[in-house]
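K.L.:
One structure follows; several queries about it will come next.
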Amino acid sequence: MAYLWDILRRRIMSQAVVGRWGKSLAVRLPTEVADAAGIAEGDRVEIETHEAEVIIRRTSARFTLEELFSGKTPAEWRALYADAYDWGPDVGREVVEE
């Protein structure tokens with residue numbers, strides 16, 4: 021595999037050979053490319069095609085609701101975000117007493 025540094029665009033350009041992994045095609049990412057993209061073994065990536073190009077991106081971390089809201093009780097979360105958004109004055113029958 022060969023790679024070179026594209027000075028004008030400040031990116032690493034690389035060439036690799038497409039191989040086979042089971043019934044799928046595979047490309048090995050050179051260490052320099054993986055490091056520059058922040059991709060490590062075991063990371064999830066999303067793959068898309070656009071106008072005959074293949075684009076590989078790191079995916080955002082995914083959390084469960086339990087993970088997102090761990091560490092605080094429901095009452096603590098409500099108190100923390102009670103004034104997060106001003107809904108305006110209460111009108112009609114939607115008034116909620118807490």
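To convert, take the position in the sequence shown, counting from 1, and add 20; that gives my numbering. Just so it is clear, CB atoms sit at the ideal spot from N, CA and C, and this is done for glycine as well.
Using the Cα positions of L85 and R113, report the straight-line distance between them to the nearest angstrom.
P.N.:
As a position in the sequence shown, residue 85 is number 65, starting the count at 1. As a position in the sequence shown, residue 113 is number 93, starting the count at 1. In a straight line, the C-alpha of L85 is about 31 Å away from that of R113.
K.L.:
Less than 8 Å between C-beta atoms, sequence neighbours within five positions excluded: which residues of the same chain meet that for V111?
P.N.:
As a working mapping, residue 111 is identified with position 91 in the sequence shown. Answer for V111: no residue qualifies.
K.L.:
Alpha carbon to alpha carbon, how far is A95 from E87?
P.N.:
Against the sequence shown, residue 95 aligns to sequence position 75. Against the sequence shown, residue 87 aligns to sequence position 67. So the two alpha carbons sit approximately 17 Å from each other.
K.L.:
Considering only their Cβ atoms, is the gap separating T51 from R64 smaller than 8 Å?
P.N.:
Taking the sequence shown and counting its residues from 1, one reaches residue 64 at position 44. Taking the sequence shown and counting its residues from 1, one reaches residue 51 at position 31. No.
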